[in-house]
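Colleague: Residue numbers (the numbering used here): 48 to 207.
Here a beta-carbon is modelled for each residue, glycine too, at the ideal position from N, C-alpha and C.
Note that the structure is a prediction, hence the values are computed from the model and not measured.
The following block contains the structure, expressed as structure tokens.
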């Protein structure tokens, strides 16, 4: 060793450390291989978790439709108690938030049955048909595709 290295006190010389090899003392940061291993591990974990999360989001949207349909159905039944008829298809669900005009007349209508009409989780209004094809009335969402098809979610699916 040179005299200048020996003259420095041991604690001030970062290269000389008797407890660990010199290549560990001077190493800083991560190698490309280490970074790639971590990225691969994260990708594998994401591939396992993301589908489960997306599936739960879809299930929660369908569950929300069911809750909305029950709420609208309850309001329609209250409307019928007061007015002796359900609103016509032309009067629509708007008859639950403001007094409808036209036939059948809503003589018993005194206040809104709903504060506002809910919209489905895909930002489309719920559809209403009276008389319905599945009962006295049909309330349904066209689902994520936005088109009337076999995958529609309606009050006929909610009956227990």
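In whole angstroms, give me the CA-to-CA distance for residue 182 and residue 149.
Modeller: 22 Å
Colleague: Taking Cβ to Cβ, would you say residue 139 is nearer than 7 Å to residue 175?
Modeller: It is a contact, given that the beta carbons lie within the stated cut-off.
Colleague: What runs of the alpha helix (DSSP H), each 4 residues or longer, lie entirely inside the stretch 68-122?
Modeller: Considered as a whole, the stretch 68-122 harbours 69-72 as its complete alpha helix (DSSP H) runs of no fewer than 4 residues, in chain order.
Colleague: On the premise that residue 136 lies in contact with residue 177, defined as a C-beta separation below 8 Å, what is that separation, rounded to the nearest angstrom?
Modeller: In this structure residue 177 is in contact with residue 136, their Cβ atoms being roughly 5 Å apart against a cut-off of 8 Å.
Colleague: Scan the stretch 108-192 and note each continuous beta strand (DSSP E) run of 3 residues or more that stays entirely inside, going in chain order.
Modeller: Fully enclosed beta strand (DSSP E) runs of 3 or longer: 174-176, 185-188.
Colleague: When you compare each of 111, 147, 76, 81 to residue 188 by their alpha carbons, which one comes out closest?
Modeller: 111
Colleague: Suppose contacts are defined by Cβ-Cβ distances below 7 Å. Is residue 160 in contact with residue 125 by that definition?
Modeller: yes
Colleague: Less than 6 Å between the CB of residue 138 and some heavy atom of the ligand SAH, yes or no?
Modeller: Absence of the ligand SAH from the depicted structure is noted, as is the absence of any ligand whatsoever, leaving it without description.
Colleague: Given that a residue counts as buried once 16 or more other Cβ atoms are within 10 Å of its Cβ, and exposed if not, what is residue 131?
Modeller: That one is exposed.
Colleague: Have a look at 195, 162, 198 and flag the residue whose alpha-carbon is nearest the alpha-carbon of residue 118.
Modeller: 162
Colleague: Among residues of its own chain, excluding the 5 on either side of residue 165, which ones have a beta-carbon nearer than 6 Å to its beta-carbon?
Modeller: 115
Colleague: Can you tell me whether residue 90 is buried or exposed? The criterion is at least 16 other CB atoms within 10 Å of its CB, across all chains shown.
Modeller: exposed
Colleague: Would you kindly work out how many angstroms separate the C-alpha atoms of residue 84 and residue 123, rounded to a whole number?
Modeller: 59 Å
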